[in-house]
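What follows is a set of notes on a single structure, which appears directly below.
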Amino acid sequence: MALAPLNPNNQPTLEPVAGPSRAVEQKWTAVTTKRKAPVAPVSVQSKKPAVVPPPLSLPPKRPFRLPPRPSLPTVVVKPVGDEPCTSATLKSMLETHIHPIALGVKVLSCQPATGQGVIVRTETSEMAQKLETAVNTHQELTGKCTASAPNPRHPQLLIYDVPESTGDRSEVEAAFIDRLRVSNNLPSGPIRVVFRLPGRGSFHHWVLAMDPAIFATLKGSRRVHWGFGSFRCREYCEPQQCYKCYRYGHGRAACNAPRALCSRCLGV
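Under the numbering used here, the residue at position 160 of the sequence shown is numbered 165, and the numbers go up by one with no gaps.
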């Protein structure tokens, strides 16, 4: 290849010269398909399972139970006679005529009770017996009040939808209890109607208190037989409420409130 003369910048330039070319020709490849070549699968390592730590072993929780209420010997003093007497008047009368120190009795508390009476609690059963004897044998208190041990609570049964009957209330209740006793073959024992609750229309729900032996034969049953019919029933555990003064612990028949209160507001 011959060199050309220098250009103005004094740099040689190359000019093509005739002759065989020295370029290497590339080989031709025949295209058989337009599909892409398969890609080799890539091996992926499987994930290791997560390691869950074992749960902490905690000590089992103990159920919380309230301590039992202490059962103290109790004497119930109630007024006797037609003269009006309140719990405060009866308490002052006992303080005037009965001296616990002279009897060797230690009184822990004296609280008002249902029926304008008082509940006196002592330390021991012997003290309660001495106090009961002193109240019942005192000359100034005879005919004015009486003392006795409290009656234990009897189980109660609620009988639904008892139809209304005409006649004397005590006679109707006695006839109902007699038929209930015969129809269910109940053992002997006291049964009494504590109070009635309003039901649907003219029906009422009766609450009956009965001996524990009688209640054991009816416990768990949803119906009681009565002649050629039956009534729905269940155990009654709600506290007794008066529908005249709306306080608890007594019924409307034993309420000494001067006037009836409204169930929706504080007025009358």
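No residue lacks a Cβ here, since even glycine has one placed at the ideal position from N, Cα and C.
Please state whether DSSP places residue i in a helix, a strand or coil.
i, result
"residue 183", "helix"
"residue 174", "helix"
"residue 240", "strand"
"residue 229", "strand"
"residue 151", "strand"
"residue 265", "coil"
"residue 8", "Its pLDDT being 47, under 50, residue 8 is placed unreliably in this model, and the value from its coordinates should be taken loosely. In this structure, residue 8 counts as coil in the three-state DSSP scheme."
"residue 209", "strand"
"residue 84", "strand"
"residue 167", "strand"
"residue 61", "coil"
"residue 43", "coil"
"residue 162", "strand"
"residue 91", "coil"
"residue 49", "coil"
"residue 223", "helix"
"residue 140", "helix"
Whole angstroms is fine: what's the gap from residue i's alpha carbon to residue j's?
i, j, result
"residue 190", "residue 228", "14 Å"
"residue 56", "residue 49", "21 Å"
"residue 245", "residue 215", "16 Å"
"residue 266", "residue 259", "15 Å"
"residue 172", "residue 221", "31 Å"
"residue 263", "residue 66", "52 Å"
"residue 80", "residue 247", "24 Å"
"residue 111", "residue 199", "34 Å"
"residue 114", "residue 237", "42 Å"
"residue 207", "residue 174", "15 Å"
"residue 43", "residue 52", "26 Å"
"residue 161", "residue 242", "7 Å"
"residue 159", "residue 269", "32 Å"
"residue 82", "residue 129", "17 Å"
"residue 211", "residue 142", "39 Å"
"residue 118", "residue 100", "17 Å"
"residue 72", "residue 181", "41 Å"
"residue 47", "residue 61", "42 Å"
"residue 156", "residue 176", "25 Å"
"residue 87", "residue 75", "36 Å"
"residue 106", "residue 131", "14 Å"
"residue 70", "residue 151", "38 Å"
"residue 183", "residue 170", "15 Å"
"residue 63", "residue 225", "39 Å"
"residue 249", "residue 93", "22 Å"
"residue 201", "residue 192", "24 Å"
"residue 261", "residue 68", "43 Å"
If contacts are defined as beta-carbon pairs under 8 Å, then residue i and residue j qualify, I think. What distance do you get, rounded to the angstrom?
i, j, result
"residue 257", "residue 163", "Going by Cβ atoms, the distance from residue 257 to residue 163 rounds to 17 Å, so no, they are not a contact pair."
"residue 137", "residue 153", "7 Å"
"residue 102", "residue 146", "6 Å"
"residue 85", "residue 149", "6 Å"
"residue 165", "residue 204", "7 Å"
"residue 218", "residue 234", "About 25 Å; that fails the 8 Å criterion."
Flag this pair as yes or no: are the beta carbons of residue i and residue j separated by less than 7 Å?
i, j, result
"residue 123", "residue 96", "yes"
"residue 230", "residue 167", "no"
"residue 116", "residue 90", "no"
"residue 232", "residue 188", "yes"
"residue 108", "residue 133", "no"
"residue 127", "residue 59", "no"
"residue 196", "residue 213", "yes"
From the DSSP secondary-structure annotation, give me the bridge partner or partners of residue i.
i, result
"residue 197", "214"
"residue 79", "126"
"residue 134", "Paired residue(s): none; residue 134 is not in a bridge."
"residue 110", "None, per the DSSP bridge assignment."
"residue 118", "122"
"residue 234", "231"
"residue 245", "DSSP lists no partner for residue 245."
"residue 253", "246"
"residue 202", "210"
Is residue i near the ligand NAD, in the sense that its beta carbon is under 6 Å from a heavy atom of that ligand?
i, result
"residue 217", "Ligands in the displayed structure: none, and consequently the ligand NAD is not present."
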